[in-house]
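Engineer:
There are 2 protein chains.
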Amino acid sequence: MDHLQEKTLSRKHIYSGKIIDLYVEDVELPNGKTSKREIIKHPGAVAVIAVNDEGKIIMVRQYRKALERALVEIPAGKLEKGEKPLNTAKRELEEETGYTCQNLTHIISFYTSPGFADELVHLYMAEGLEKMNEESCLDEDEFVEVLEVTLEQANKMIEQKEIFDAKTAYAVQYLTLKMAE
Amino acid sequence: MDHLQEKTLSRKHIYSGKIIDLYVEDVELPNGKTSKREIIKHPGAVAVIAVNDEGKIIMVRQYRKALERALVEIPAGKLEKGEKPLNTAKRELEEETGYTCQNLTHIISFYTSPGFADELVHLYMAEGLEKMNEESCLDEDEFVEVLEVTLEQANKMIEQKEIFDAKTAYAVQYLTLKMAE
Chain A
1 MDHLQEKTLS
11 RKHIYSGKII
21 DLYVEDVELP
31 NGKTSKREII
41 KHPGAVAVIA
51 VNDEGKIIMV
61 RQYRKALERA
71 LVEIPAGKLE
81 KGEKPLNTAK
91 RELEEETGYT
101 CQNLTHIISF
111 YTSPGFADEL
121 VHLYMAEGLE
131 KMNEESCLDE
141 DEFVEVLEVT
151 LEQANKMIEQ
161 KEIFDAKTAY
171 AVQYLTLKMA
181 E
Chain B
1 MDHLQEKTLS
11 RKHIYSGKII
21 DLYVEDVELP
31 NGKTSKREII
41 KHPGAVAVIA
51 VNDEGKIIMV
61 RQYRKALERA
71 LVEIPAGKLE
81 KGEKPLNTAK
91 RELEEETGYT
101 CQNLTHIISF
111 YTSPGFADEL
121 VHLYMAEGLE
131 KMNEESCLDE
141 DEFVEVLEVT
151 LEQANKMIEQ
161 KEIFDAKTAY
171 AVQYLTLKMA
181 E
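Residue numbers (full-length UniProt numbering), protein chains in the order written: chain A, 1 to 181; chain B, 1 to 181.
#1: Okay, do the segment 111–121 of chain A and the segment 23–39 of chain A touch, 3+ Cβ pairs below 8 Å being the bar?
#2: Check whether the segment 4–11 of chain B touches the segment 87–101 of chain A, counting contact only when three or more Cβ pairs, one atom from each stretch, lie closer than 8 Å.
#3: Below 7 Å CB to CB, which residues in the same chain sit around residue 14/A once its five sequence neighbours on both sides are set aside?
#4: Compute the beta-carbon to beta-carbon distance between residue 59/A and residue 147/A, rounded to the nearest angstrom, for a pair I have assumed lies under 8 Å.
#5: Within 10 angstroms of the Cβ of residue 125/B, are there 16 or more other Cβ atoms? Answer buried if so, exposed if not.
#6: Check the Cβ of residue 32/B against every Cβ in chain A and list those closer than 7 Å, keeping chain order.
#7: Quick check: the Cα distance between residue 32/A and residue 68/B, rounded to an integer number of angstroms?
#8: Compute the Euclidean distance between the alpha carbons of residue 162/A and residue 129/B, then round it to the nearest angstrom.
#9: Taking CB distances under 8 Å as the criterion, tell me whether residue 118/A reaches chain B.
#10: Against chain A, with Cβ distances strictly below 8 Å, would residue 112/B count as a contact?
#11: List the endpoints of the continuous beta strand (DSSP E) containing residue 103/A.
#12: Against chain A, which members of the segment 34–49 of chain B pass a CB distance test of less than 9 Å?
#13: Quick one: give me the first and last residue of the beta strand (DSSP E) that residue 51/A is part of.
#14: For residue 154/A, collect the residues of the same chain with a Cβ closer than 6 Å to its Cβ; drop the 5 residues on either side in sequence, then sort them by chain order.
#15: Is the closest heavy atom of the ligand ZN to the C-beta of residue 63/B under 7 Å?
#16: Give the interface partners of residue 78/A over in chain B, defined as CB-CB distance under 8 Å, in chain order.
#17: For residue 167/A, report the span of its beta strand (DSSP E) as first-last.
#18: Using a Cβ-Cβ cutoff of less than 6 Å, which residues in the same chain neighbour residue 122/B once the five nearest sequence positions on both sides are dropped?
#19: Out of 74/A, 43/A and 78/A, state which residue places its alpha-carbon closest to the alpha-carbon of residue 51/A.
#20: Over the uninterrupted alpha helix (DSSP H) stretch that includes residue 28/B, give me the two end residues.
#21: By Cβ distance, which residues of its chain are closer than 6 Å to residue 120/A, with the 5 residues on each side in sequence left out?
In structure tokens:
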């Protein structure tokens with residue numbers, strides 16, 4: 001057993017939603033004292049780094065109700081029940097941007113907010129992009145604007161605080177490092 | 001008004017905790033349809049990239065109850081009420097690692113989980129590190145192990161999936177890019 005482990009003494013289920021569940025746990029700390037932990041359970045998500053033939057990064061601008069504003073992000077979406085992350089990545093890229101891809105390579109998976117949530121984001125690199133002819137079939141309650149930006153523009157957008165989403169900032173750094181290789 | 005905006009029709013307060021609050025909103029979408037949004041309110045947090053005189057990155061290993069496992073992360077912590085992010089960064093670095101620093105420079109602020117939470121993480125670079133003589137005074141319910149790793153080791157830890165925390169992966173990329181300049 002990990003000597004840092006916190007033992008669950010009791011667990012209260014507060015809420016089950018469409019995307020997240022909330023639990024509150026009483027835990028025993030390594031020193032024997034007790035504390036409370038607020039825990040969000042999330043199904044996990046994917047995000048996709050997609051660069052088209054012109055070398056432009058595909059991004060989407062969408063309203064984020066939690067922030068009460070729109071954010072520019074790389075295409076992303078949560079895992080549906082039983083869905084494999086690779087399939088979610090393919091689906092979200094198509095639904096949000098209207099691009100299909102020939103290849104998806106796993107780059108990294110990371111927890112976004114380990115202090116209170118178990119959301120794990122799987123990041124993929126899409127290659128062999130092709131614009132679909134038909135209109136992209138967005139989710140009924142999803143409204144996005146597609147942006148295509150160069151890496152230089154993306155880095156400038158970070159500097160100028162037009163991008164401040166963790167996975168997107170990571171993706172821009174990833175591509176910048178790849179270019180420097 | 002942003003044409004992507006979602007209008008709040010009603011807002012239900014579900015839970016107020018030590019760290020997070022949960023709301024559920026009925027919203028009107030741009031097409032006039034309605035949907036539900038589950039929203040976590042969080043006070044925001046800081047994270048610190050700290051490299052000591054030996055060129056080693058200071059990291060901490062701590063148990064994350066939401067994941068039921070320990071994670072290796074850069075020092076981080078949430079903002080206390082009314083606390084300026086710069087002061088939180090200084091405090092968390094001292095409390096978690098036992099290092100003081102002469103300078104803290106803001107690198108980037110990013111949202112970690114914009115799909116359901118408003119947590120904004122402010123990332124700082126600490127310079128002029130000095131190990132404090134006294135024992136670091138950890139929060140009563142915080143138990144961490146301090147690790148000091150080279151950039152090469154940190155990159156290897158990411159490859160080998162020993163680090164999979166978003167802000168920490170970002171920090172390692174940031175330092176790698178800085179070295180390549």
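Virtual Cβ for every residue (Gly too), placed ideally from N, Cα, C. Keep in mind the model is a prediction, meaning the values are calculated, not measured.
Structural biologist: Per the coordinate set shown:
#1: yes
#2: The count of Cβ pairs closer than 8 Å, one atom from the segment 4–11 of chain B and one from the segment 87–101 of chain A, stays below three, leaving the stretches out of contact.
#3: 22, 23 and 24
#4: 4 Å
#5: buried
#6: Those do not exist, as residue 32/B stays about 12 Å from chain A at its closest Cβ, beyond 7 Å.
#7: Between residue 32/A and residue 68/B, the C-alpha separation is close to 18 Å.
#8: Approximately 32 Å between the Cα atoms of the pair.
#9: yes
#10: yes
#11: 103–111
#12: 34, 35, 36, 37, 38, 39, 40, 41, 42 and 45
#13: Counting along the chain, residue 51/A falls outside any beta strand (DSSP E), and DSSP gives it neither H nor E.
#14: 57 and 172
#15: The model depicted lacks the ligand ZN and carries no ligand whatsoever.
#16: 115
#17: Premise fails: residue 167/A lies in the alpha helix (DSSP H), 166–180, not in any beta strand (DSSP E).
#18: 46, 85 and 109
#19: 74/A
#20: No alpha helix (DSSP H) holds residue 28/B; the beta strand (DSSP E) holding it covers 21–28.
#21: Counting only Cβ-Cβ distances below 6 Å, and skipping sequence neighbours, we find 44, 109 and 111.
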